[in-house]
Amino acid sequence: MDATQRRPADTHRRKYSDDEVNDMYKLGKLWLETGQHKRAESIMSGLNEVAPDFAPAWLGTAFLRSVGGTYDGALLAVNTALRIEPESAEAMLYLVAVSMTVGDVSTAGTYLGEVGEAIEQGKIANQNVIRFYKMQLARYQARGK
Amino acid sequence: MSGTTGGPPDSFSLSPLLALLPDGGNLYRLETLVSSLYARQETVEALRQEAPDRESERRCAIEAAMLRQILEWLADKPGEGE
Chain Y
1 MDATQRRPAD THRRKYSDDE VNDMYKLGKL WLETGQHKRA ESIMSGLNEV
51 APDFAPAWLG TAFLRSVGGT YDGALLAVNT ALRIEPESAE AMLYLVAVSM
101 TVGDVSTAGT YLGEVGEAIE QGKIANQNVI RFYKMQLARY QARGK
Chain G
1001 MSGTTGGPPD SFSLSPLLAL LPDGGNLYRL ETLVSSLYAR QETVEALRQE
1051 APDRESERRC AIEAAMLRQI LEWLADKPGE GE
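Keeping their order, the protein sequence lines are chains Y and G. The first sequence stops at residue 145 when you use the working numbering, and every number in between is there. The second sequence stops at residue 1082 when you use the working numbering, and every number in between is there.
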């Protein structure tokens, strides 16, 4: 959030530490994993509010919007995550998945290319990222047939 | 649920999009923050009462809802030895 957008009430609010933000996000993720989406939504929305530069919570919001079928909201959230962390393969693959769902194959292709290049260069070791990339690549190629 | 191999469930197979989310911090550490989270909640609720406009009120409400969920979870957790 731009500092100029801060409102008077913000000046009374202490910032949360990085550890606090990460720990609260962990709980939100646990609730996502256990299907408690309403509770997870509280955490992710809260973190989007109090720590707007914390990309994982924007991805959590993108996940919730995706499963809820609100793809415009998912795109907004994932684009925010990407603006914060432009090199994040996870954010790029989220964008690929949502873009494919809404039929924006061009955007999906662009970001698949970026992630594929990073994988080829050995910059990505996370097997879940590689597996998800392969899954989305197959989806993308199937669209082209 | 475990597979026929008896290993742990593969979170990726269950929900690939979810498995892509970064891991995050530490829930045990969160338990040590009860006092400061309560203090924050009180502050945010007070700010919400005196919010100068709807947007400030909305933002305080979102933060308060997050803190309330976390504190409820922390309160429901069984204590040591239970």
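Think of the CB as a built atom: it goes at the ideal place given N, C-alpha and C, for glycine as much as any other residue. Predicted model only: the values in this text are computed from it and were never measured.
Give the range of the alpha helix (DSSP H) segment to which residue i is assigned.
{"i": "Gln141 (chain Y)", "result": "127-144"}
{"i": "Ile56 (chain Y)", "result": "Per the sequence shown, the amino acid found at residue 56 (chain Y) is Pro instead of Ile. Start and end: 55-67."}
{"i": "Gly109 (chain Y)", "result": "105-120"}
{"i": "Ala1046 (chain G)", "result": "1034-1049"}
{"i": "Tyr25 (chain Y)", "result": "18-33"}
{"i": "Pro1016 (chain G)", "result": "1016-1019"}
{"i": "Ala1065 (chain G)", "result": "1054-1076"}
{"i": "Glu1031 (chain G)", "result": "1027-1031"}
{"i": "Gly1024 (chain G)", "result": "From DSSP, Gly1024 (chain G) is part of no alpha helix (DSSP H); its letter is neither H nor E."}
{"i": "Ser45 (chain Y)", "result": "37-50"}
{"i": "Thr101 (chain Y)", "result": "89-102"}
{"i": "Ile124 (chain Y)", "result": "Premise fails: Ile124 (chain Y) is in no alpha helix (DSSP H) and is neither H nor E."}
{"i": "Asp72 (chain Y)", "result": "71-84"}
Give the interface partners of residue i over in chain Y, defined as CB-CB distance under 7 Å, in chain order.
{"i": "Leu1018 (chain G)", "result": "Leu32, Glu33, Phe63"}
{"i": "Leu1071 (chain G)", "result": "Per Cβ cutoff of 7 Å: no residues; Leu1071 (chain G) is ~11 Å from chain Y at best."}
{"i": "Glu1063 (chain G)", "result": "Gly46, Glu49, Val50"}
{"i": "Arg1059 (chain G)", "result": "Glu49"}
{"i": "Gly1024 (chain G)", "result": "Asn22, Tyr25, Lys26, Lys29, Pro56"}
How would you list, in chain order, the residues of chain G whose beta-carbon sits under 7 Å from the beta-carbon of residue i?
{"i": "Phe132 (chain Y)", "result": "Pro1016, Leu1020"}
{"i": "Asn79 (chain Y)", "result": "The premise fails here: Asn79 (chain Y) is roughly 16 Å from chain G at the closest Cβ pair, so nothing lies under 7 Å."}
{"i": "Gly60 (chain Y)", "result": "Leu1021"}
{"i": "Arg39 (chain Y)", "result": "Gln1069"}
Going by C-alpha to C-alpha distance, which of the options sits closest to residue i?
{"i": "Asp19 (chain Y)", "options": "G:Ser1013, G:Leu1027, G:Leu1017, G:Leu1014", "result": "G:Leu1027"}
{"i": "Lys26 (chain Y)", "options": "Y:Leu76, Y:Pro52, Y:Met44", "result": "Y:Met44"}
{"i": "Val96 (chain Y)", "options": "Y:Asn79, Y:Val50, Y:Ala125", "result": "Y:Asn79"}
{"i": "Ala1075 (chain G)", "options": "G:Leu1018, G:Val1034, G:Ala1039", "result": "G:Val1034"}
{"i": "Tyr111 (chain Y)", "options": "Y:Leu82, Y:Gly60, Y:Asn126", "result": "Y:Leu82"}
{"i": "Ile84 (chain Y)", "options": "Y:Gly35, Y:Ala51, Y:Glu41, Y:Tyr71", "result": "Y:Ala51"}
{"i": "Pro56 (chain Y)", "options": "Y:Leu32, Y:Thr107, Y:Lys38, Y:Ser99", "result": "Y:Leu32"}
{"i": "Arg1068 (chain G)", "options": "Y:Asp72, Y:Ala125, Y:Ala142, Y:Ser42", "result": "Y:Ser42"}
{"i": "Gly1025 (chain G)", "options": "Y:Phe54, Y:Ala142, Y:Gly35, Y:Ala108", "result": "Y:Phe54"}
{"i": "Thr101 (chain Y)", "options": "Y:Ser88, Y:Ser66, Y:Gly113", "result": "Y:Ser66"}
{"i": "Glu49 (chain Y)", "options": "Y:Arg131, Y:Tyr16, Y:Leu30", "result": "Y:Tyr16"}
{"i": "Ile1062 (chain G)", "options": "Y:Met135, Y:Gly113, Y:Lys38, Y:Lys123", "result": "Y:Lys38"}
Going along chain G, which residues have a C-beta under 8 Å from residue i?
{"i": "Ile43 (chain Y)", "result": "Met1066, Gln1069, Ile1070"}
{"i": "Val129 (chain Y)", "result": "Leu1020"}
Using a Cβ cut-off of 9 Å, pull out every chain G residue sitting near residue i, in sequence order please.
{"i": "Arg139 (chain Y)", "result": "In chain order: nothing, as chain G lies at least about 11 Å away."}
Chain Y contacts from the segment 1030-1041 of chain G (Cβ-Cβ distance under 7 Å): In summary, the residues of the segment 1030-1041 of chain G whose CB is separated from some CB of chain Y by less than 7 Å are Leu1030, Leu1033, in the order they occur in the chain.
Residues, ordered as in the chain, of the segment 82-112 of chain Y that lie near chain G by beta-carbon distance below 8 Å: Glu90, Leu93, Tyr94, Ala97
Contact set between the segment 16-31 of chain Y and chain G, restricted to residues whose Cβ is under 9 Å from the partner: Tyr16, Asp18, Asp19, Glu20, Val21, Asn22, Asp23, Met24, Tyr25, Lys26, Leu27, Gly28, Lys29, Leu30, Trp31
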